[in-house]
Amino acid sequence: MKYRTNHTFVVCAYKESPYLEACIQSLVLQTVKSNIEIYTSTPNEYIFNIGKKYHVPVYINEKAGGGIQADWNYAYNHAKTDYVTVAHQDDIYDKNYVKAFLHCSKKYDDWTIFFTDYTPIKHGHSDKRDANSIIRRMLRMPVKNRKKADKKWRKKSILCLGNAIVCPLVTYNKKLLGDTVFTSDYGFNLDWDTFLKLAERPGRFLYMDMVLGHYRVHNEATSKDFIVNHNREIEDRSMFEKFWPKWIVNVIMLFYRYAYKTYD
Numbered sequence: 333m334k335y336r337t338n339h340t341f342v343v344c345a346y347k348e349s350p351y352l353e354a355c356i357q358s359l360v361l362q363t364v365k366s367n368i369e370i371y372t373s374t375p376n377e378y379i380f381n382i383g384k385k386y387h388v389p390v391y392i393n394e395k396a397g398g399g400i401q402a403d404w405n406y407a408y409n410h411a412k413t414d415y416v417t418v419a420h421q422d423d424i425y426d427k428n429y430v431k432a433f434l435h436c437s438k439k440y441d442d443w444t445i446f447f448t449d450y451t452p453i454k455h456g457h458s459d460k461r462d463a464n465s466i467i468r469r470m471l472r473m474p475v476k477n478r479k480k481a482d483k484k485w486r487k488k489s490i491l492c493l494g495n496a497i498v499c500p501l502v503t504y505n506k507k508l509l510g511d512t513v514f515t516s517d518y519g520f521n522l523d524w525d526t527f528l529k530l531a532e533r534p535g536r537f538l539y540m541d542m543v544l545g546h547y548r549v550h551n552e553a554t555s556k557d558f559i560v561n562h563n564r565e566i567e568d569r570s571m572f573e574k575f576w577p578k579w580i581v582n583v584i585m586l587f588y589r590y591a592y593k594t595y596d
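Be aware that the sequence shown starts at 333, since it is given in our numbering, and climbs by one per residue.
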């Protein structure tokens with residue numbers, strides 16, 4: 333396969349998501365063309381037909397059953413470019429995401445992850461007034477100054493009151509990170525724990541304060557399942573305890589539970 337740029341979108345497709353085609357379309361329509369690959373552990377005609385329609389190769393993870401972590405690592409490891417975005421099948425990317433990434437990443441060579449701002453899609457419409465999005469934007473303030481975004485305390489500070497990084501809008505620098513970047517034991521907070529591990533390592537968190545993607549909120553999302561069975565609350569508490577004593581965590585959780593209402 334001939335690669336267009338040194339960047340690849342790896343789309344982790346699961347079963348028959350009605351939003352997969354919209355995601356692929358947003359990647360195909362990038363103003364700077366990049367590589368697109370679909371990975372799945374649940375192969376079916378629906379996924380293959382979308383891949384065929386948009387001339388996107390589909391790769392099958394034969395070792396199904398390893399969960400999100402295994403699927404993400406398989407897709408991430410398989411990509412042959414130095415820069416990889418693990419795209420989520422439900423989400424939509426702004427047409428200038430790759431252009432913005434390439435422009436921003438040229439200025440630094442020590443970055444581990446690049447990420448941007450977002451707005452959620454609720455009931456088919458972009459919600460610019462979403463409270464969670466506004467709070468996350470405020471939490472990312474310490475890394476807006478890119479010159480200082482290599483400081484460990486700055487990187488950790490955007491994670492200590494919740495995960496301020498939106499996972500689908502993250503591009504990973506494989507040159508510095510190597511393979512198998514997802515090593516967390518969490519089911520829901522796999523991304524939050526991964527970012528904390530990366531914050532502990534040398535390397536800059538490269539943040540572009542622009543809305544370059546849209547995170548879809550819907551009742552079929554995995555996030556909804558983790559809220560309903562209370563596993564998200566268990567994992568959130570565990571993550572906060574990595575930063576704070578338990579009595580402070582108890583206070584934080586009194587307010588943090590309101591974030592779960594996003595899926596009400």
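From the three backbone atoms N, C-alpha and C, an ideal C-beta is built for every residue, glycine too.
A distance of 8 Å or more separates the beta carbons of residue 537 and residue 404.
Secondary structure note for residue 526: its alpha helix (DSSP H) is the uninterrupted segment 522-532. If you ignore the 5 residues before and after residue 452, its C-beta comes within less than 8 Å of the C-beta of 458, 459, 462, 464, 465, 546, 547, 548, 549 and 594, all in its own chain and listed in chain order. The beta carbon of residue 430 sits closer than 8 Å to those of 337, 339, 362, 363, 364, 365 and 366, all from its chain and outside the five residues before and after it, given in chain order. Excluding its 5 nearest sequence neighbours in each direction, residue 529 has no C-beta neighbour in its own chain below 6 Å.
Its chain contains 347 and 348 as the residues whose beta carbon lies nearer than 8 Å to that of residue 376, once the 5 sequence neighbours on both sides are disregarded; these appear in chain order. Spatial neighbours of residue 433 in its own chain (CB-CB distance under 6 Å, excluding positions within 5 residues in sequence) are listed in chain order as 446 and 503.
Rounded to whole angstroms, the separation of the alpha carbons of residue 541 and residue 563 is 31 Å. Spatial neighbours of residue 423 in its own chain (CB-CB distance under 7 Å, excluding positions within 5 residues in sequence) are listed in chain order as 355, 500, 545, 546, 547 and 548. In the three-state reduction of the DSSP assignment, residue 403 falls in the helix class, which pools H, G and I. Nearest to residue 470 by C-alpha distance, out of 480, 492, 400 and 589, is 492. The C-beta distance from residue 524 to residue 505 rounds to 19 Å, too long to meet the 8 Å contact threshold. For residue 542, no alpha helix (DSSP H) segment is defined; the enclosing uninterrupted segment is the beta strand (DSSP E) at 536-549. The shortest C-alpha to C-alpha distance from residue 438 to any of 372, 497, 456 and 415 is the one to 415.
Secondary structure within the segment 360-425: the alpha helix (DSSP H) runs of 4 or more consecutive residues, fully enclosed, are 377-385 and 399-410 (chain order). DSSP places residue 350 outside both helix and strand once states are collapsed to three, so it counts as coil.
The beta carbon of residue 480 lies closer than 7 Å to those of 486 in the same chain, with the five residues before and after it left out. With 16 or more neighbouring CB atoms inside 10 Å of its own CB, residue 359 falls in the buried class. Taking a C-beta distance under 8 Å as the contact criterion, residue 421 and residue 343 qualify as a contact pair. When the alpha-carbon of residue 468 is set against those of 578, 498, 393 and 482, the nearest one is in 498. Annotation: the continuous alpha helix (DSSP H) that includes residue 436 extends over 429-437.
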